[in-house]
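Protein chains in written order, with my numbering: chain W, 137 to 544; chain S, 137 to 544. Backbone N, C-alpha and C define an ideal beta-carbon position, used for all residues, glycine too. Quick caveat: nothing in here was measured; it's all calculated off a predicted structure. Since the structure comes first, as structure tokens, the remarks are kept for the end.
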């Protein structure tokens with residue numbers, strides 16, 4: 137009889153965002169006239185930049201003509217895009233085009249990467265954290281069961297809270313895979329080079345691999361904050377980096393991201409022998425993936441053109457201004473706010489000691505605003521709440537007004 | 137230290153098509169003036185139908201305008217496409233729209249599906265077979281090592297050769313997951329309802345699940361050949377079906393496919409309790425996938441419109457005519473040929489008892505034609521050779537000429 141992967145049965149309830157959708161839909165059904173403003177999921181609202189639209193039209197036309205039609209592309213992505221990525225995002229960092237693997241999004245990659253790692257690796261994640269890191273490890277069998285708080289046996293949780301200034305402590309035990317995300321989702325915080333240097337040193341001395349999620353890199357505004365893990369000396373032999381066109385170029389519905397796997401990165405096999413992680417990921421992608429749609433890759437490449445870069449800079453500035461308005465509005469109400477400077481997320485302490493979900497329900501009920509409960513990202517997120525700055529200016533201004541009316 | 141998934145080390149050499157590419161590139165480097173015609177990979181050559189190009193342009197424009205922009209779509213695919221698929225491909229078969237999961241291709245799905253099944257399921261595949269089924273099971277740890285022939289311990293191989301008329305025998309032992317592909321890749325053969333009915337009965341009586349790959353369904357020309365496993369009574373409780381827009385609508389570079397998982401399909405957990413496969417796959421997709429690019433889904437939906445259907449019918453007829461020309465050309469040379477009637481593949485017995493790779497090298501050297509060695513699809517494919525009918529008419533005619541010159 138066909139046996140299921142019983143690890144799926146350890147997963148707690150739904151994935152966070154479907155649960156939010158469920159509550160919002162229930163509220164909307166009961167209050168048909170309420171104008172709900174959604175600041176929960178970090179989904180962009182502004183249209184694709186004109187340079188990208190234009191490039192996609194050209195590519196679609198190419199697909200419609202026998203002379204320029206493209207069938208199967210390289211599973212790893214087209215050379216033109218891999219080269220544009222290296223030149224546009226990794227200049228001077230010693231990354232080669234064939235170390236870049238184009239994909240349909242970094243959510244997929246950050247889940248699929250576990251295919252190439254063995255069961256039994258010890259996993260460290262920050263807490264709170266992007267739920268996909270946790271859930272994909274549960275599915276892969278890298279954890280035990282969850283406790284009442286939603287914490288899984290076998291994962292090392294590194295709390296990031298106001299108390300440690302949102303800087304995770306270097307573990308005093310051995311771990312093998314470490315998930316780091318900067319600018320951070322959900323807290324919107326960043327770390328400097330010294331902090332990342334310590335992680336690289338830890339990883340190198342323990343043979344660990346850092347899975348570095350830089351999906352929000354474009355939102356860094358402050359000098360001296362690293363945009364890539366490969367700005368850190370030694371990272372090429374201990375880190376994989378995930379990036380996305382979702383948040384900077386507005387690709388959440390267009391789907392393109394990429395993963396950088398340096399050739400010098402090694403894991404070990406059962407015999408303790410070093411094995412190229414690049415070769416394994418290449419094999420995984422060649423076998424289980426068939427490349428990204430050509431018009432989408434053409435659009436992504438346009439993000440690195442002169443016009444594309446300028447348009448994306450405008451988009452990013454637009455969302456960052458939203459974040460600033462949210463942050464200032466909340467702070468004027470005496471609420472403690474983090475993030476929102478180098479990231480499109482504002483992370484706030486719930487007022488009056490409300491739990492994250494209590495505040496979610498209250499906010500929805502009283503202001504018709506939807507945010508994300510901090511506890512949905514992990515136990516240490518309890519008492520926090522995330523607001524996304526991905527919205528129209530009018531909605532952000534309206535949200536601030538509603539918050540003021542409700543919380544003042 | 138980060139441990140790799142050691143099952144990857146069991147994989148034999150490269151995946152078949154990269155190996156072919158390697159040999160072809162080496163030949164091309166040494167013979168710069170040779171006009172190589174590639175009939176190896178089953179990759180379409182004709183442009184996207186005009187109805188699809190048009191729909192994609194409209195969708196790209198929608199993405200470029202604030203009012204019609206779409207961010208994250210449903211991980212399972214847009215309602216408009218799921219409904220079009222059900223109405224266009226499953227009318228009267230009792231499949232609901234929410235049983236259809238849209239993806240970026242059936243190669244991905246047929247690999248990823250193993251995420252939801254436990255280790256230890258006994259796997260049956262036909263031999264020869266699409267290599268992705270085998271390699272993804274190796275990666276997942278469902279097999280032992282390969283022997284000198286490339287056969288993996290722990291897989292049940294069901295030979296399909298001229299001797300059994302390319303109809304796999306029902307196993308006399310217990311298996312849990314069964315891969316079937318009709319019209320068949322690589323042999324181009326089909327089976328009737330009675331054969332599939334026997335498989336459904338086997339699966340139902342053993343609690344097994346059939347993974348049914350119908351990527352080439354559009355090429356069926358003969359009456360009475362089932363287009364879907366769900367034409368078979370009882371299949372809804374024992375089969376998953378994979379389909380693709382790659383071969384009918386020319387989407388190999390545009391990327392869209394889908395997987396049908398009926399809600400009544402159950403697997404069992406460690407305690408022997410029934411668990412919904414639909415719920416597991418839904419959870420897998422929601423967690424590790426983020427939906428298909430909106431313009432791509434809009435294009436796929438146009439495949440079901442009146443104009444799209446007519447254009448696709450023309451495309452399919454075009455490739456089938458190619459297949460017929462290849463088949464007739466080869467048969468006129470006294471070569472035994474299978475497939476090519478309900479499929480875009482011609483499967484031939486190598487002349488003179490040559491091994492598959494010997495014939496590959498000889499054909500490349502003497503005629504500058506590239507095909508796929510039958511043994512690359514499995515041990516029972518030894519002595520066979522696949523030619524793909526996906527090509528321009530001129531190339532097919534030229535190929536037949538070259539074959540005649542060489543083999544006559």
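Please go through the same chain and pick out, in chain order, the residues whose beta-carbon is closer than 8 Å to the beta-carbon of residue 489 of chain W, but skip the five residues on each side of it.
Against the first chain, residue 489 of chain W aligns to sequence position 353. Cβ neighbours of residue 489 of chain W beyond the five flanking positions: 519.
Would you list, in chain order, the members of the stretch 229-245 of chain S that have their beta-carbon closer than 8 Å to a beta-carbon of chain W?
Flagged, chain order: 240, 241, 243 and 244.
Quick one: list the residues of chain W neighbouring residue 205 of chain S, beta-carbon separation under 9 Å, in chain order.
In the second chain, the residue the question calls residue 205 of chain S occupies position 69. Near residue 205 of chain S (Cβ distances below 9 Å), the residues of chain W are 180, 181, 182, 183, 184, 386 and 389.
Quick one: what does DSSP say residue 485 of chain W is sitting in, helix, strand or coil?
The sequence position of residue 485 of chain W within the first chain is 349, counting from 1. Correct three-state label for residue 485 of chain W: strand.
Using the rule of at least 16 other Cβ atoms within 10 Å of the residue's Cβ for burial, across every protein chain shown, is residue 289 of chain W buried or exposed?
For the purposes of this step, residue 289 of chain W is identified with residue 153 of the first chain, where counting begins at 1. Exposed, since its Cβ has fewer than 16 Cβ neighbours within 10 Å.
Straight-line CA distance for residue 407 of chain S to residue 439 of chain W?
In the second chain, counting from the first residue as 1, residue 407 of chain S sits at position 271. In the first chain, counting from the first residue as 1, residue 439 of chain W sits at position 303. Computed Cα separation, rounded: 51 Å.
Where does residue 430 of chain W fall in DSSP's three states?
Locating residue 430 of chain W in the first chain gives position 294, where the first residue counts as 1. Residue 430 of chain W falls in the helix class under three-state DSSP.
What's the gap between the Cα of residue 305 of chain S and the Cα of residue 470 of chain S?
Here residue 305 of chain S corresponds to residue number 169 of the second chain, with the count starting at 1. Here residue 470 of chain S corresponds to residue number 334 of the second chain, with the count starting at 1. Cα to Cα, the separation comes out at about 29 Å.
Express the C-alpha separation of residue 451 of chain S and residue 193 of chain S in angstroms, rounding to a whole number.
By one-based count along the second chain, residue 193 of chain S stands at place 57. By one-based count along the second chain, residue 451 of chain S stands at place 315. Going from the Cα of residue 193 of chain S to the Cα of residue 451 of chain S covers about 21 Å.
Terminal residues of the continuous alpha helix (DSSP H) containing residue 275 of chain S?
Looking up residue 275 of chain S in the second chain gives position 139. Counting along the chain, the alpha helix (DSSP H) containing residue 275 of chain S begins and ends at 267-276.
Are the Cβ atoms of residue 377 of chain S and residue 365 of chain S separated by less than 7 Å?
One-based indexing of the second chain puts residue 377 of chain S at position 241. One-based indexing of the second chain puts residue 365 of chain S at position 229. Cβ distance < 7 Å, so residue 377 of chain S and residue 365 of chain S count as in contact.
Under 7 Å, CB to CB, which of the residues in the stretch 264-275 of chain S have a partner in chain W?
Within the stretch 264-275 of chain S, the qualifying residues are 268, 271, 272 and 275.
Which term fits residue 442 of chain S, buried or exposed, when burial requires 16 or more other beta carbons within 10 angstroms of its beta carbon?
Within the second chain, numbered from 1, the residue matching residue 442 of chain S stands at position 306. Result: exposed.
Residue 416 of chain S and residue 163 of chain S: beta carbons closer than 7 Å?
Mapped onto the second chain, residue 416 of chain S falls at position 280. Mapped onto the second chain, residue 163 of chain S falls at position 27. Contact flag unset, no.
For the 8 Å Cβ check, are there 3 or more pairs between the stretch 232-248 of chain W and the stretch 427-436 of chain W?
Contact between the stretch 232-248 of chain W and the stretch 427-436 of chain W is present, because at least three Cβ pairs lie under 8 Å.
Which ranges does the beta strand (DSSP E) cover as unbroken runs of at least 3 residues, wholly within the stretch 227-296 of chain W, from first to last along the chain?
Entirely contained in the stretch 227-296 of chain W, the beta strand (DSSP E) runs reaching 3 residues are, in chain order, 236-239, 259-263 and 291-295.
Helix, strand or coil, according to DSSP, for residue 510 of chain W in the structure here?
Sequence index remark: in the first chain, residue 510 of chain W carries index 374 (1-based). If DSSP states are grouped into helix, strand and coil, residue 510 of chain W belongs with the helices.
Does the beta carbon of residue 441 of chain W sit closer than 7 Å to a beta carbon anywhere in chain S?
Here residue 441 of chain W refers to the residue found at position 305 of the first chain. False, the Cβ-Cβ gap to chain S never drops below 7 Å.
For residue 199 of chain W, tell me which candidate among S/198, S/191, S/202 and S/205 has the shortest Cα-Cα distance.
By one-based count along the first chain, residue 199 of chain W stands at place 63. Selected option, being the one with the closest Cα: S/191.
Which residues of chain S have a Cβ atom closer than 8 Å to the Cβ of residue 301 of chain W, listed in chain order?
Numbered from 1 along the first chain, position 165 holds the residue referred to as residue 301 of chain W. In chain order: nothing, as chain S lies at least about 28 Å away.
For residue 176 of chain W, go through chain S and note every residue whose CB falls closer than 9 Å to its CB, in chain order.
Looking up residue 176 of chain W in the first chain gives position 40. Here the premise fails: no neighbours, minimum Cβ distance about 11 Å.
For residue 514 of chain S and residue 267 of chain S, I'd like the C-alpha separation in whole angstroms.
The residue given as residue 514 of chain S occupies position 378 in the second chain. The residue given as residue 267 of chain S occupies position 131 in the second chain. Distance between the alpha carbons of residue 514 of chain S and residue 267 of chain S: 8 Å.
CA-CA distance, residue 201 of chain S and residue 525 of chain W?
Position 65 of the second chain holds residue 201 of chain S. Position 389 of the first chain holds residue 525 of chain W. Taking the straight line from one Cα to the other gives about 19 Å.
Taking a cut of 7 Å between CB atoms, which residues from the stretch 199-223 of chain S lie near chain W?
So the close ones are 199, 200, 201, 202, 205, 206, 207, 208 and 209.
Identify whether residue 165 of chain S lies in helix, strand or coil by the three-state DSSP scheme.
On the second chain, residue 165 of chain S is found 29 positions in, with the first residue counted as 1. Residue 165 of chain S falls in the helix class under three-state DSSP.
Which residue spans inside the stretch 439-472 of chain W form an unbroken alpha helix (DSSP H) run of at least 4?
Within the stretch 439-472 of chain W, the complete alpha helix (DSSP H) runs of at least 4 residues are 442-467.
Anything in the stretch 466-489 of chain S with a Cβ closer than 7 Å to a Cβ of chain W? List those residues in chain order, please.
Cβ contacts with chain W come from no residue of the stretch 466-489 of chain S.
Going along the chain, which residues of its own chain have a beta-carbon closer than 7 Å to the beta-carbon of residue 528 of chain W, five neighbours each way excluded?
Residue 528 of chain W sits at position 392 when you count from the first residue of the first chain. For residue 528 of chain W, where only same-chain residues beyond five positions count, the Cβ hits under 7 Å are 181.
Taking only three categories from DSSP, how would you classify residue 544 of chain S?
Taking the first residue of the second chain as 1, we reach residue 544 of chain S at position 408. Three-state result, residue 544 of chain S: coil.
Using a Cβ-Cβ cutoff of less than 8 Å, which residues in the same chain neighbour residue 369 of chain S once the five nearest sequence positions on both sides are dropped?
In the second chain, counting from the first residue as 1, residue 369 of chain S sits at position 233. Once the five neighbours on either side are set aside, the close Cβ partners of residue 369 of chain S are 333 and 336.
Quick check: the Cα distance between residue 323 of chain S and residue 270 of chain S, rounded to an integer number of angstroms?
On the second chain, position 187 is the one that residue 323 of chain S refers to. On the second chain, position 134 is the one that residue 270 of chain S refers to. Taking the straight line joining both Cα atoms gives about 17 Å.
Taking 7 Å as the threshold (beta carbon to beta carbon), is residue 424 of chain S in contact with chain W?
To locate residue 424 of chain S, count along the second chain from 1; it is residue 288. With 7 Å as the cut-off, residue 424 of chain S counts as an interface residue toward chain W.
Against chain S, which members of the stretch 303-322 of chain W pass a CB distance test of less than 9 Å?
Here the close residues are 310, 312 and 313.
Could you say which of S/398, S/495, S/284 and S/176 lies nearest to residue 232 of chain S if we only look at CA atoms?
Residue 232 of chain S sits at position 96 when you count from the first residue of the second chain. With distances taken between Cα atoms, residue 232 of chain S lies closest to S/398.
Closest to residue 188 of chain W by C-alpha separation, out of S/187, S/147, S/197 and S/308, would be which residue?
As a first step, residue 188 of chain W is located in the first chain; it is residue number 52 there, counting from the start. Measuring from the Cα of residue 188 of chain W, the nearest candidate turns out to be S/197.
Would you kindly work out how many angstroms separate the C-alpha atoms of residue 155 of chain S and residue 178 of chain S, rounded to a whole number?
The sequence position of residue 155 of chain S within the second chain is 19, counting from 1. The sequence position of residue 178 of chain S within the second chain is 42, counting from 1. One C-alpha to the other measures close to 15 Å.
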